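Right, one structure below, let's go through it.
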Amino acid sequence: MSAKTTDKILTIDDDPAIRQTIMEYLEDGGFEVIQAADGKEGLALFQKEKPDLVLTALRMPKLGGLEVLEKLSKDSPETPVIVVSGIESMDDVAQALKRGAWDYVMKPLKEMIILERAIAKALERSRLVEENRRYRIALEVANQALKKNLDILQEDQEAGRSVQMRMLPEQNVAFGEYVFSHSVSPSLYLSGDFVDYFKINDEKIGFYIADVSGHGASSAFVTVLLKSLIALALTRYQIHDETTILEPDKLLSKIATEIYNAKLGKYLTIVYGVIDWVDHKFSYSIGGHYPNPIWVQEGKAHFLEGKGFPVGIMKQAVYQTQSMTFPKNVQLVMFSDGVAEIIKQPDLPKKEESLLSMVAKSEGRIETLVGDLGLSENKNLPDDVTMLVLQRR
12 MSAKTTDKIL TIDDDPAIRQ TIMEYLEDGG FEVIQAADGK EGLALFQKEK
62 PDLVLTALRM PKLGGLEVLE KLSKDSPETP VIVVSGIESM DDVAQALKRG
112 AWDYVMKPLK EMIILERAIA KALERSRLVE ENRRYRIALE VANQALKKNL
162 DILQEDQEAG RSVQMRMLPE QNVAFGEYVF SHSVSPSLYL SGDFVDYFKI
212 NDEKIGFYIA DVSGHGASSA FVTVLLKSLI ALALTRYQIH DETTILEPDK
262 LLSKIATEIY NAKLGKYLTI VYGVIDWVDH KFSYSIGGHY PNPIWVQEGK
312 AHFLEGKGFP VGIMKQAVYQ TQSMTFPKNV QLVMFSDGVA EIIKQPDLPK
362 KEESLLSMVA KSEGRIETLV GDLGLSENKN LPDDVTMLVL QRR
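With my numbering applied, the sequence shown covers 12 to 404.
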């Protein structure tokens, strides 16, 4: 048998020899085993003991295995049930699976390892189901917090802007040699753009810039949801060692599914990155964001590579992670697409050329970029304009 366990297993069979064989084998592996001689007794014992897994025969007096399956599938669908029986007909197997059996092990049990593997597989699946349930509860709590924030935003847009601004990170935050700063200029009271940067562990930093489709309150609501989803991924890493927060492509796929399932009629574009401040490795993924991040080194600027679908348009989207080294005296500058609306050039290539030139001359100084783009005095922006600047000093 495998490593010791504390799982409780209920075995239901009218053959006492089979029950005894199963009990001795499983107890040797550390399981707690309880027995029932027929389906009626088994259901009563299930209600009393609440086992983690049920083994049941099919042909039994008083109440058969199919009836047991039907009752347990209705009352406790999360409990794995494995049928241990001979196959009188293929219809027995089909009926058992149709009524909720997680697996089917044939008698006679000549090799108990087959039963052991079926139990291990079912318990692992059960644990994953339970973990997903807890995740959904945590997400529901996050959604409740989101709803509370949304109610505040709907009551008063001025108050809503204050809430959104408080959600933004502090300015000029340093993580080792890396310094982050940002600027958010909304076209309305509330912005559909958002930025954040945060410590993941003692070696890694996470950061992102996002742009939700549309403007105003409805788009701002999605920025709250986005922050909640990333905060949840961070919590799951810190508590359960789930590494999604460290893998940009997987994180964007996860967020894409959640945004799609929320049915908000919104999608977003995003750049999410992770930096290891010990070995200075930088990885990032792009979800439909424009313009691409701008890399500034020795007075020259160019767009980084990367592309991908906007987040939330497709239920299951696949993204790519780009990786590189982050040298000293380099700036990484990111914009939302509103920047293209305020650069006075006749076409997109010239706008991009002008933006690269402006960023190169600024050397990543956010105050200079705000001035050069005219954001400090422009009160009627056609779109939200947001910047996120990262420098390694």
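Glycine included, C-beta positions come from ideal geometry on N, C-alpha and C.
On a predicted model such as this, the values are computed, not experimentally measured, just so you know.
Checklist entry - Would you report the Cα separation of V104 and D114, rounded to the nearest angstrom? => result If you number the sequence shown from 1, residue 104 lands on position 93. If you number the sequence shown from 1, residue 114 lands on position 103. Looking at the two C-alpha atoms, the distance is approximately 9 Å.
Checklist entry - Is there contact here, the region 321 to 330 with the region 266 to 273, by at least three beta-carbon pairs under 8 Å? => result Output reads yes: the region 266 to 273 touches the region 321 to 330.
Next on the checklist: Considering only DSSP beta bridges, list what W306 is partnered with.
Outcome noted: Residue 306 sits at position 295 when you count from the first residue of the sequence shown. According to DSSP, which records beta bridges pairwise, W306 is partnered with H313, L343.
Item to check | the region 208 to 227 / the region 281 to 288 touching (three or more Cβ pairs under 8 Å) | outcome: Flag = yes, the region 208 to 227 and the region 281 to 288 touch.
Next on the checklist: Could you tell me which whole alpha helix (DSSP H) segments of length 4 or greater appear in the region 93 to 150?
Outcome noted: Taken in chain order, the complete alpha helix (DSSP H) segments of 4 or more residues contained in the region 93 to 150 are 101 to 109.
Checklist entry - In chain order, what residues of the same chain have a beta carbon less than 6 Å from the beta carbon of Q46, not counting five sequence neighbours either side? => result Residue numbering aside, residue 46 sits at position 35 when the sequence shown is read from its first letter. Answer for Q46: T22, R30, listed in chain order.
Checklist entry - Going by the CB atoms, is the gap between S296 and P357 shorter than 8 Å? => result Looking up residue 357 in the sequence shown gives position 346. Looking up residue 296 in the sequence shown gives position 285. In terms of Cβ geometry, P357 and S296 do not form a close pair [threshold 8 Å].
Checklist entry - Are I77 and Q106 closer than 8 Å when you measure CB to CB? => result Residue 77 sits at position 66 when you count from the first residue of the sequence shown. Residue 106 sits at position 95 when you count from the first residue of the sequence shown. The sequence given here has Leu at residue 77, not Ile. The Cβ atoms of L77 and Q106 lie closer than 8 Å to each other.
Item to check | Among M335, L384, E188, nearest to V289 - alpha-carbon criterion | outcome: Residue numbering aside, residue 289 sits at position 278 when the sequence shown is read from its first letter. Just measuring C-alpha positions, the residue of M335, L384, E188 sitting nearest V289 is E188.
Item to check | Residue ranges of each beta strand (DSSP E) within the region 169 to 241, 3 or longer | outcome: Runs of beta strand (DSSP E) with 3 or more residues, each lying fully within the region 169 to 241, are found at 184 to 186, 189 to 196, 204 to 210, 215 to 223, listed in chain order.
Item to check | Given 8 Å, three or more beta-carbon pairs between the region 241 to 255 and the region 298 to 310 | outcome: Contact fails: fewer than three Cβ-Cβ distances are below 8 Å.
Checklist entry - Among L64, Q331, T397, which one has its Cα closest to the Cα of E135? => result Numbered from its first residue, the sequence shown carries residue 135 at position 124. With distances taken between Cα atoms, E135 lies closest to L64.
Checklist entry - Hey, how far is the Cα of T254 from the Cα of D102? => result Translated into the one-based positions of the sequence shown, residue 254 becomes position 243. Translated into the one-based positions of the sequence shown, residue 102 becomes position 91. So the two alpha carbons sit approximately 43 Å from each other.
Item to check | Cα-Cα separation, L386 to L367 | outcome: By one-based count along the sequence shown, residue 386 stands at place 375. By one-based count along the sequence shown, residue 367 stands at place 356. For L386 and L367, the distance between alpha carbons rounds to 17 Å.
Next on the checklist: From the DSSP secondary-structure annotation, give me the bridge partner or partners of L401.
Outcome noted: Stepping through the sequence shown from its first residue, residue 401 is reached at position 390. In DSSP, L401 forms a bridge with F191, L343.
Item to check | Which listed residue (L74, Y146, S198) has its alpha carbon closest to that of L50 | outcome: The residue given as residue 50 occupies position 39 in the sequence shown. For clarity, residue 50 is Gly in the given sequence; the question names Leu instead. Considering only alpha carbons, the answer is L74.
Next on the checklist: Spatial neighbours of K19 within its chain, please: C-beta separation below 6 Å, excluding the five flanking residues on both sides.
Outcome noted: Along the sequence shown, read from residue 1 onward, the residue named residue 19 stands at position 8. These residues qualify, in order along the chain: E43, P62, D63.
Checklist entry - For S294, which residues does DSSP report across the bridge? => result Position 283 of the sequence shown holds residue 294. V285, S334.
Checklist entry - When the Cα of M369 is compared with those of F337, A312, A328, which residue comes out closest? => result Here the question's residue 369 lines up with position 358 in the sequence shown. From the listed residues F337, A312, A328, the smallest Cα separation to M369 is found for A312.
Checklist entry - Leaving out five residues before and five after K15 in sequence, what residues of the same chain have Cβ atoms less than 6 Å from its Cβ? => result Residue numbering aside, residue 15 sits at position 4 when the sequence shown is read from its first letter. Residue placement at K15 is poorly supported in this model, since its pLDDT is 46, which falls under 50; the coordinates are not used for a value here.
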